[in-house]
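A.B. asks: Handing you a structure now.
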Amino acid sequence: MAEIVIDGKKCTFEGNKTIIEVAFENGIDLPHFCWHPELSVAGNCRMCLIEMGNQKKNPDGTLAVDENGNPVIAYMPKLQIACGSKATPGLYVRTNTPQVIKAREAVMEFLLINHPLDCPICDEAGQCKLQNYTFKYSTGECRFTENKNPKPKRVSWSDKIMYDAQRCISCSRCIRFAKEFADQPVLSFINRGDRVYVKMATDCKFDSPYSMNIIDSCPVGALTSKDFRFKSRVWDMAFNDSVCAGCSRGCNIKIGTRNNKILRIEPRNNMNINRYWMCDEGRLNYSLQNENRLADSKCKNVQVEKFDDAVAKAVQLLKNYKAKDILFIASPKATIESNYMLAKLAQKSIKTQNIVYIDYTDKNFGDEKLRTNDRAANTNGMKIVLPNIKPLDFDDLKTKVQKKEIKLLYILDSTLSNDSPINEIAENAECVIAHCENESQLSKIADVAFASASCYEEEGTLVNEAKRIQHLTPAIANRENIRTMGMKLGRFEQFGTEDDKWGRSNLSDNRSDWRILANIASGLGSDGKKYLNAEDVFTEIAEINPQLNNISYQILDEYQGLTLGNRIENEKKYRIYKSNNVN
Amino acid sequence: MNNRKNTEVERMSLAEKAYLPEIARGLGLTLRRLFRPKMTRQYPEERWQPLGSYRGRPVLVKDSDGERCVACGLCARVCPALAIEVQAGETDKTKERYPAKFEINMLRCIYCGFCEEACPEEAIVMSPNYVFTTRSRNKAILDKEALLTPAEELKERLEFLKQFKNQ
Ligand code: SF4
Ligand code: SF4
Ligand code: SF4
Ligand code: SF4
Ligand code: FES
């Protein structure tokens, strides 16, 4: 393990690293625009200038020390960029000397010469590196009185991305991302000097499934998302941690909400899974959460007065049928907790092994980057609590339903679309109990349709395709979770009253799937266990399931998830990189 | 003061305790005021026209080509009473955005004028309007149409801002 000294602090590192990387790993944030931990080094913004040097040597070859025994260091007279200089053992770095501060102020002044005063109309404002650094590292004065260079504004790069050349600080992060990660080298600088800006090659498309990552890696507001443009100021939004449910990769995300509606989703750094990126599909498929929700449970498309009535109805229906007439459909999209409660209800209360699941494999979705073919986020987690489960065979079920061998369908899978073949089968079944997130064909015909919480409202655990178990936490409030969500909402929702048009009125009555199942089980006379929250359920699973022994929500949060079968001692804790961090 | 005399009555002199001289003194004051110029007016028939420095109900300034506001939301951010709600929309004009929705909840507003101070466009200003009553809570939430006021009507305030604030 090698060592360098940054501002008097000893920083250790391994392997071939640059100074800025070593500093970051050791908790020191150096200002930077063009450096991105996952992209190649461009070294063109000059924001990361530092002073560096080595210990002087005496003529006899020994290291020089002063009279107090402190090392004498010969700093290079010229400043160096921390992102482009290798950390070599024994290096001394100073990041706060008058010379460095003056250089940073000069860099900031140059950057702002041609930068428009766009903050009031710029989506990046409030999380903009340039804005933050202006406060922290610039004098706030501009000696330039000439006109700013005109450059193109509102250039459409694709149906998802808009480019504004005036705001661009020519850091080349987008160019490098397109070339190095998206494998679509279609972006490049044109012109020279202060007229330089990024242009997309003519007759080319930037339609990579990962294209939108350039929006949040852009340090300024030069790149904006057409989906989000002007929907909200970032300081009015709440950003809560979550896990993408789009496929079995389980990318870590942040969900930006205002007025309890999702406005945008962005990736969250997790070195074990998605590193810094996510796919556009995962970013944009939140509309089901915002629209057409089933907000209250229904019996035969009639809204029940209270949730308990729906539970009582379901209990009564389940009692009416023999165990062999009932088929349970588990869900590879639901959490471990929910699938466990389903297993418990089926195996302990009803005493049947009739449990299947719907397979969501889509051969066209996966690639060798992040996206995987399995579009369900928790297939592996479901198989932990239901090890012998088989995928559902629609034709087989259809005949069984017609022959009245199966009379009652219990469907935990709460995101079934209207074109799923299950709808037709359900119509022919004698009785259907379904968990539904949205108003759908199924929610209309079901004898009991429970309004169930979506993956954005629920707490639980998910296991991805690489067997990494992650803690899913809610980002949207409903009546069930408002007690814990209250202060995690945006500033308007936190303080709104009933007389305000915004705020937390109109909360829906969606319940976590495991809670619905636990209520039914106790209605059928279960072992009498009470669960206050998802953690109680998980603790119970972790006790009986050897794969999950010693795992708790707290440990999962600490390590950003754990790989099952890997000893905790071998897990590494990483420092989280936030592209728009104020540092 | 002698702290053994705790109450007002204990502290009063004999003449004060007799009341009558004090009543005469009070009547004298009233009599003298009667012949001085009047400070009050017959509101609401007679109305006072506030000066430019007066902070009345906040309104949006409307120029010949529409509102000045670019829906930056800074007024909403600075408002200590959370009275303002802005929703931006996109336009083809050079300024790119406009307020698709702009509401001020006058039940929340405390007339502090912070919104005016924060606005980078001088688009929200404190008007001379100090009369505000409604018959229902909902009507106290003013929308963009109710807030937009032609710049000519706000001349004095804009002049005042130019002179003393936004120099
Ligand atoms: S658009 Fe953004 S990421 Fe691309 S060069 Fe300009 S500032 Fe950098
Ligand atoms: S790769 Fe999968 S998990 Fe990651 S963002 Fe896309 S859909 Fe979501
Ligand atoms: S005057 Fe003060 S309280 Fe009223 S809207 Fe403006 S900032 Fe808010
Ligand atoms: S601060 Fe001014 S420009 Fe910004 S939203 Fe308020 S009124 Fe409009
Ligand atoms: S971050 Fe080092 S030069 Fe840009």
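Protein chains in written order, with this note's numbering: chain S, 1 to 583; chain Z, 1001 to 1167. Note that CB positions come from ideal geometry on N, CA and C, so glycine has one too.
So, are the CB atoms of S:S452 and S:R511 less than 8 Å apart?
C.D. replies: Result yes, Cβ atoms of S:S452 and S:R511 sit closer than 8 Å.
A.B. asks: Looking at the unbroken beta strand (DSSP E) that takes in S:I541, where does it start and where does it end?
C.D. replies: Per DSSP, S:I541 belongs to no beta strand (DSSP E); it is in the alpha helix (DSSP H), 534-544.
A.B. asks: Among all residues, which have a Cβ less than 7 Å from at least one non-hydrogen atom of ligand 5, and in what chain order do they fall?
C.D. replies: In chain order, the hits are S:I20, S:H32, S:F33, S:C34, S:W35, S:A42, S:G43, S:N44, S:C45, S:R46, S:M47, S:C48, S:I81, S:A82, S:C83, S:G84, S:C171.
A.B. asks: Taking all protein chains shown into account, do 16 or more other C-beta atoms lie within 10 angstroms of the C-beta of Z:Y1019, making it buried, or fewer, making it exposed?
C.D. replies: Result: exposed.
A.B. asks: Roughly how many angstroms separate the alpha carbons of S:K319 and S:L524, rounded to a whole number?
C.D. replies: About 8 Å.
A.B. asks: Going along chain Z, which residues have a C-beta under 8 Å from S:P120?
C.D. replies: V1070, C1072, L1074, P1120, E1121, listed in chain order.
A.B. asks: Can you list, in chain order, the residues of its chain whose CB lies under 7 Å from that of Z:K1165, leaving out five sequence neighbours each side?
C.D. replies: Taken in chain order, the list of residues that qualify is empty.
A.B. asks: Along chain Z, which residues have their Cβ under 7 Å away from the Cβ of S:W502?
C.D. replies: Within chain Z, the residues near S:W502 are E1085.
A.B. asks: Is any beta-carbon of chain Z found at less than 8 Å from that of S:F239?
C.D. replies: So no, S:F239 is outside the interface.
A.B. asks: Determine the DSSP secondary structure at S:R293, reduced to helix, strand or coil.
C.D. replies: Reduced to three states, the DSSP call for S:R293 is strand.
A.B. asks: Below 7 Å CB to CB, which residues in the same chain sit around S:S248 once its five sequence neighbours on both sides are set aside?
C.D. replies: Only T372, D374, A376, A377, T379, N464, E465 meet the Cβ criterion.
A.B. asks: Keeping to the same chain, check which residues put their C-beta closer than 6 Å to that of S:C259; ignore five residues upstream and five downstream.
C.D. replies: Sequence check: residue 259 of chain S is Asn here, not Cys. Around S:N259: W502.
A.B. asks: Roughly how many whole angstroms lie between the Cα atoms of S:V432 and S:I445?
C.D. replies: Straight-line Cα distance between these residues: approximately 8 Å.
A.B. asks: Please determine whether the Cβ atom of S:C251 lies at a distance below 7 Å from any heavy atom of ligand 7.
C.D. replies: With respect to small molecules bound, the structure shown includes ligand 1, ligand 2, ligand 3, ligand 4 and ligand 5 and not ligand 7.
A.B. asks: Just to make sure I have the definition right: I need the residues of chain Z whose C-beta is within less than 9 Å of the C-beta of S:F492. Which are they?
C.D. replies: What S:F492 touches in chain Z: A1076, L1082, E1085.
A.B. asks: Is S:K298 buried or exposed, if buried means 16 or more other CB atoms sit within 10 Å of its CB?
C.D. replies: S:K298 comes out buried.
A.B. asks: Under 7 Å Cβ-Cβ, which residues of chain S neighbour Z:E1153?
C.D. replies: Per Cβ cutoff of 7 Å: no residues; Z:E1153 is ~25 Å from chain S at best.
A.B. asks: Count the other C-beta atoms from every protein chain shown that fall within 10 angstroms of the C-beta of S:G490, then say buried if there are 16 or more, exposed otherwise.
C.D. replies: Classification for S:G490: buried.
A.B. asks: Report the rounded CA-to-CA distance for Z:M1001 versus Z:M1012, giving the unit in angstroms.
C.D. replies: Caution applies to Z:M1001, whose pLDDT of 49 falls short of 50 and renders its modelled position unreliable; the value that the coordinates give is listed next. Distance between the alpha carbons of Z:M1001 and Z:M1012: 12 Å.
A.B. asks: Report the option in S:Y559, S:C204, S:S414 whose CA atom is closest to the CA atom of S:A178.
C.D. replies: Of S:Y559, S:C204, S:S414, the residue nearest in Cα terms is S:C204.
A.B. asks: Am I right that S:A534 and S:E457 are in contact with their C-beta atoms under 8 Å? What's the rounded C-beta distance?
C.D. replies: Not confirmed; about 12 Å, so no contact.
A.B. asks: Taking S:I336 as the reference, give the member of S:S349, S:F328, S:Q316, S:M382 with the closest Cα.
C.D. replies: Out of S:S349, S:F328, S:Q316, S:M382, S:M382 has the C-alpha closest to the C-alpha of S:I336.
A.B. asks: Does the beta carbon of S:N566 come closer than 8 Å to any beta carbon on chain Z?
C.D. replies: Output row for S:N566: interface = no.
A.B. asks: I need the boundaries of the alpha helix (DSSP H) containing S:A314, first residue and last residue.
C.D. replies: Unbroken alpha helix (DSSP H) run through S:A314: 307-320.
A.B. asks: So, at 6 Å on beta carbons, what are the nonlocal neighbours of S:V582 in its own chain, with the 5 sequence-adjacent residues on each side left out?
C.D. replies: In this predicted model, S:V582 has a pLDDT of only 47, less than 50, meaning its place in the structure is not dependable; the value taken from the coordinates is given anyway. So the list reads N132, once near-sequence residues are dropped.
A.B. asks: Does the beta-carbon of Z:G1073 have 16 or more other beta-carbons within 10 angstroms, so that it is buried, or is it exposed?
C.D. replies: Flag for Z:G1073 reads buried.
A.B. asks: DSSP puts S:N279 in a beta bridge; with which residues?
C.D. replies: Note that residue 279 of chain S is Cys in the sequence shown, not Asn. DSSP lists no partner for S:C279.
A.B. asks: With a threshold of 16 other CB atoms inside 10 Å of the CB of S:N418, please say whether the residue is buried or exposed.
C.D. replies: S:N418 comes out exposed.
A.B. asks: Which complete alpha helix (DSSP H) runs does the region 198-274 of chain S hold, if anything under 4 residues is left out?
C.D. replies: 213-217, all fully within the region 198-274 of chain S.
A.B. asks: Would you mind working out which of Z:A1081, Z:E1046, Z:A1118 sits nearest Z:M1106, comparing C-alpha positions?
C.D. replies: Selected option, being the one with the closest Cα: Z:A1081.
A.B. asks: Within 10 angstroms of the Cβ of S:V448, are there 16 or more other Cβ atoms? Answer buried if so, exposed if not.
C.D. replies: Flag for S:V448 reads buried.
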